[in-house]
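In our numbering, the protein residues as written are 1419 to 1541. No residue lacks a Cβ here, since even glycine has one placed at the ideal position from N, Cα and C. Just so it is clear, the structure is predicted and the values come from calculations on it, not from any experiment.
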Amino acid sequence: MRESTLWRWHMLAGAVVFFLLGLHMVIMHLDDILLAIGAGHGKAIDTTVVFERSKQAFFMVTYVILLGAALYHGLYGMRNILFELTLKKGWETLINRIFIVVGLGLFIYGTYVAVFVFLNGEV
Ligand code: HEM
Ligand code: HEM
1419 MRESTLWRWH
1429 MLAGAVVFFL
1439 LGLHMVIMHL
1449 DDILLAIGAG
1459 HGKAIDTTVV
1469 FERSKQAFFM
1479 VTYVILLGAA
1489 LYHGLYGMRN
1499 ILFELTLKKG
1509 WETLINRIFI
1519 VVGLGLFIYG
1529 TYVAVFVFLN
1539 GEV
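Here it is in structure tokens:
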């Protein structure tokens, strides 16, 4: 794929991370305020509350999107930093391959976990 296309995906992924990670952080850290106004369901990282969210389709889908966007954004950004060192072609190929394998591996594993918990409601 052309470098400019990959860069455009990197920017798009950054925008997705901005919104979804923002939502993730609000959910993880505003629980005390929500509880105080009577709108919360308990501490955000309590096992039962985590599984309550994980059983909802909205969260399952957004976990997979955040996972993919964060992995692509982070790994492509890291690759850019490494490529600025003007490495030999062989090193660049090796970095590309390692990042693709690591990124896809983590994406498949994380997606499997999110879908498994969504379907079974437990681990
Ligand atoms: C609010 C969420 C985020 C937004 C809006 C965002 C946006 C951006 C933008 C616009 C760039 C390009 C900067 C440039 O080179 O001019 C960038 C680069 C980068 N981002 Fe993010 N990012 C976010 C979160 C993250 C996270 C969570 C990670 C780590 C996993 C990350 C890792 C990187 C890396 C490694 C680069 C490459 C830096 C470079 O090329 O010098 N970003 N990001
Ligand atoms: C203090 C910070 C954080 C806390 C307490 C936290 C907590 C959690 C918890 C409890 C879950 C399980 C799902 C849920 O309960 O909704 C989760 C999932 C997830 N978090 Fe975070 N998180 C934090 C920061 C981050 C950051 C910085 C990122 C990415 C840049 C991130 C990405 C994800 C992703 C992608 C998932 C879904 C993983 C999957 O299902 O495969 N989180 N987080």
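{"Check": "Across the segment 1429-1446 and the segment 1466-1486, are there enough close Cβ pairs to call them in contact, namely three or more that are closer than 8 Å?", "Outcome": "yes"}
{"Check": "Does DSSP classify M1419 as helix, strand or coil?", "Outcome": "coil"}
{"Check": "Leaving out five residues on either side along the sequence, give the residues of the same chain with a beta carbon under 7 Å from the beta carbon of F1517.", "Outcome": "L1493 and R1497"}
{"Check": "Buried or exposed: V1520, going by 16 or more other Cβ atoms within 10 Å of its Cβ?", "Outcome": "exposed"}
{"Check": "For ligand 2, enumerate in chain order all residues having a CB closer than 5 Å to any of its heavy atoms.", "Outcome": "M1446, I1463, V1468, R1471, Y1481, L1484, L1485, A1488, G1528, V1531 and A1532"}
{"Check": "Need the endpoints of the alpha helix (DSSP H) that D1450 sits in, please.", "Outcome": "D1449 to A1454"}
{"Check": "Hey, could you find the ends of the alpha helix (DSSP H) G1528 is sitting in?", "Outcome": "K1507 to N1538"}
{"Check": "Taking A1457 as the reference, which of D1464, I1463 and D1449 has the closest Cα?", "Outcome": "D1449"}
{"Check": "In or out: V1435 buried (at least 16 other Cβ within 10 Å) or exposed?", "Outcome": "buried"}
{"Check": "Rounding to the nearest angstrom, what Cα-Cα distance links E1510 and V1535 in this structure?", "Outcome": "37 Å"}
{"Check": "Please classify L1489: does DSSP put it in a helix, a strand, or coil?", "Outcome": "helix"}
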